[in-house]
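One point on numbering: in our numbering, the residue at position 129 of the sequence shown is 222, and numbering is uninterrupted. Ideal placement from N, C-alpha and C gives every residue a C-beta, glycine not left out. Just so you know, these numbers come straight off a predicted model, no measurement behind them.
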Amino acid sequence: MKHLFIALFLVASVVATAQNYPSDWAKYTSDRYLHDVESASGKQAALELARTSLARQVQVRVSEVSQMNKDVVNGRSTLFYSSSKTFFTDVDMNLAETKSYYNEAAGKYYVLVYIDKVAACTFYENEVRML
(Lines of atoms letter the chains of each structure in order from A and count residues from 1; the text may use other names and numbers.)
(Lines give C-alpha, C1' and ligand atoms only; values in the text may rest on other atoms or scores of the structure.)
Protein backbone atom coordinates (compact mmCIF):
# COMPACT_ATOMS: atom_id res chain seq x y z
CA MET A 1 0.00 0.00 0.00
CA LYS A 2 2.85 2.34 0.86
CA HIS A 3 4.46 1.70 -2.58
CA LEU A 4 1.16 2.42 -4.34
CA PHE A 5 0.85 5.75 -2.51
CA ILE A 6 4.42 6.71 -3.44
CA ALA A 7 3.82 5.74 -7.08
CA LEU A 8 0.61 7.80 -7.24
CA PHE A 9 2.37 10.75 -5.63
CA LEU A 10 5.20 10.59 -8.21
CA VAL A 11 2.75 10.42 -11.10
CA ALA A 12 0.79 13.37 -9.71
CA SER A 13 4.02 15.35 -9.27
CA VAL A 14 5.10 14.69 -12.86
CA VAL A 15 1.70 15.73 -14.20
CA ALA A 16 1.68 18.87 -12.05
CA THR A 17 5.15 19.96 -13.20
CA ALA A 18 4.67 18.95 -16.84
CA GLN A 19 2.16 21.76 -17.39
CA ASN A 20 3.35 25.02 -15.90
CA TYR A 21 1.04 27.10 -18.09
CA PRO A 22 -2.69 27.85 -17.76
CA SER A 23 -5.07 24.94 -18.35
CA ASP A 24 -7.22 27.02 -20.74
CA TRP A 25 -4.34 26.80 -23.23
CA ALA A 26 -5.19 23.11 -23.73
CA LYS A 27 -7.81 23.98 -26.37
CA TYR A 28 -5.06 25.53 -28.51
CA THR A 29 -3.04 22.31 -28.43
CA SER A 30 -5.81 20.38 -30.23
CA ASP A 31 -5.71 19.27 -33.87
CA ARG A 32 -7.55 22.44 -34.91
CA TYR A 33 -4.42 24.51 -34.31
CA LEU A 34 -0.78 24.51 -35.29
CA HIS A 35 0.91 25.43 -32.03
CA ASP A 36 4.00 25.54 -29.90
CA VAL A 37 4.64 26.34 -26.24
CA GLU A 38 8.08 27.46 -25.15
CA SER A 39 9.52 28.77 -21.90
CA ALA A 40 12.46 31.00 -21.05
CA SER A 41 13.55 33.37 -18.33
CA GLY A 42 12.54 36.31 -20.55
CA LYS A 43 9.23 36.84 -22.33
CA GLN A 44 10.80 37.96 -25.63
CA ALA A 45 13.14 34.94 -25.70
CA ALA A 46 10.22 32.54 -25.11
CA LEU A 47 8.19 34.30 -27.83
CA GLU A 48 11.02 34.04 -30.38
CA LEU A 49 11.55 30.35 -29.59
CA ALA A 50 7.85 29.58 -29.96
CA ARG A 51 7.42 31.57 -33.20
CA THR A 52 10.50 29.96 -34.76
CA SER A 53 9.34 26.48 -33.83
CA LEU A 54 5.85 27.14 -35.19
CA ALA A 55 7.25 28.51 -38.45
CA ARG A 56 9.19 25.26 -38.96
CA GLN A 57 5.95 23.27 -38.65
CA VAL A 58 4.02 25.25 -41.22
CA GLN A 59 5.45 25.11 -44.71
CA VAL A 60 8.59 24.11 -46.49
CA ARG A 61 8.92 25.13 -50.11
CA VAL A 62 11.36 23.39 -52.42
CA SER A 63 12.77 25.05 -55.50
CA GLU A 64 14.93 23.18 -57.99
CA VAL A 65 16.67 24.66 -60.98
CA SER A 66 18.57 22.48 -63.41
CA GLN A 67 20.37 23.10 -66.63
CA MET A 68 21.77 20.81 -69.31
CA ASN A 69 24.14 21.91 -72.08
CA LYS A 70 25.41 19.78 -74.95
CA ASP A 71 28.30 20.93 -77.10
CA VAL A 72 29.61 19.20 -80.21
CA VAL A 73 33.10 20.11 -81.38
CA ASN A 74 34.84 18.17 -84.16
CA GLY A 75 32.41 15.28 -83.79
CA ARG A 76 32.96 14.96 -80.03
CA SER A 77 30.05 15.79 -77.78
CA THR A 78 30.29 17.14 -74.28
CA LEU A 79 27.38 17.06 -71.90
CA PHE A 80 27.20 19.38 -68.89
CA TYR A 81 24.48 19.14 -66.25
CA SER A 82 24.02 21.32 -63.18
CA SER A 83 21.31 21.34 -60.55
CA SER A 84 20.54 23.52 -57.56
CA LYS A 85 17.94 22.75 -54.90
CA THR A 86 16.80 25.32 -52.34
CA PHE A 87 14.52 24.88 -49.34
CA PHE A 88 12.51 27.79 -47.90
CA THR A 89 10.43 27.99 -44.78
CA ASP A 90 7.62 30.34 -45.63
CA VAL A 91 4.76 31.25 -43.34
CA ASP A 92 2.69 34.35 -42.84
CA MET A 93 3.23 34.84 -39.11
CA ASN A 94 0.55 37.53 -39.17
CA LEU A 95 -1.86 34.61 -38.80
CA ALA A 96 -0.23 33.59 -35.52
CA GLU A 97 -1.74 34.57 -32.20
CA THR A 98 0.09 34.49 -28.89
CA LYS A 99 -0.63 34.12 -25.20
CA SER A 100 1.91 34.48 -22.42
CA TYR A 101 2.07 33.55 -18.76
CA TYR A 102 4.66 34.15 -16.06
CA ASN A 103 5.11 31.31 -13.57
CA GLU A 104 6.51 33.00 -10.50
CA ALA A 105 7.42 29.72 -8.76
CA ALA A 106 9.46 28.54 -11.76
CA GLY A 107 10.74 32.02 -12.60
CA LYS A 108 9.89 31.47 -16.27
CA TYR A 109 7.70 32.94 -18.96
CA TYR A 110 5.60 30.53 -20.99
CA VAL A 111 4.47 31.59 -24.44
CA LEU A 112 1.87 29.87 -26.59
CA VAL A 113 1.89 30.66 -30.30
CA TYR A 114 -0.90 29.19 -32.40
CA ILE A 115 -2.54 29.38 -35.82
CA ASP A 116 -6.12 28.31 -36.40
CA LYS A 117 -5.94 25.88 -39.35
CA VAL A 118 -9.41 26.82 -40.65
CA ALA A 119 -8.57 30.53 -40.62
CA ALA A 120 -5.24 29.83 -42.34
CA CYS A 121 -6.93 27.79 -45.09
CA THR A 122 -9.43 30.60 -45.67
CA PHE A 123 -6.61 33.15 -45.82
CA TYR A 124 -4.59 31.13 -48.36
CA GLU A 125 -7.68 30.35 -50.47
CA ASN A 126 -8.34 34.09 -50.73
CA GLU A 127 -4.69 34.69 -51.65
CA VAL A 128 -4.92 32.15 -54.47
CA ARG A 129 -8.15 33.71 -55.78
CA MET A 130 -6.40 37.08 -56.03
CA LEU A 131 -3.72 35.67 -58.38
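Between which two residues does the alpha helix (DSSP H) carrying residue i extend?
i           : result
residue 191 : Counting along the chain, residue 191 falls outside any alpha helix (DSSP H), though it belongs to the beta strand (DSSP E) covering 190-196.
residue 145 : 136-151
Counting only the same chain and skipping the five closest in sequence on each side, list residues whose C-beta sits under 8 Å from that of residue i.
i           : result
residue 108 : The predicted model places residue 108 with a pLDDT of 39, which falls under 50 and marks its position as unreliable, so this point remains unresolved.
residue 216 : 185 and 188
residue 136 : 193, 195, 202 and 204
Since residue i is in the beta strand (DSSP E), which residue starts that stretch and which ends it?
i           : result
residue 127 : 126-133
residue 205 : 201-209
Whose C-beta lies closer than 7 Å to the C-beta of residue i among residues of the same chain, with five residues either side of it excluded?
i           : result
residue 209 : 125 and 126
residue 133 : 139, 142, 201 and 202
Under a three-way DSSP split, which group does residue i fall into?
i           : result
residue 117 : helix
Can you give the Cα-Cα distance for residue i and residue j, rounded to whole angstroms?
i           : j           : result
residue 143 : residue 192 : 11 Å
residue 121 : residue 130 : 10 Å
Beta-carbon within less than 6 Å of residue i's beta-carbon, same chain only, minus the 5 sequence neighbours each way: which residues are those?
i           : result
residue 158 : 177
residue 173 : 162
residue 118 : 205
Please check the pair residue i and residue j, which I expect to be a contact at CB under 8 Å, by giving their CB distance rounded to whole angstroms.
i           : j           : result
residue 128 : residue 221 : Incorrect: roughly 25 Å between the Cβ atoms, too far for contact.
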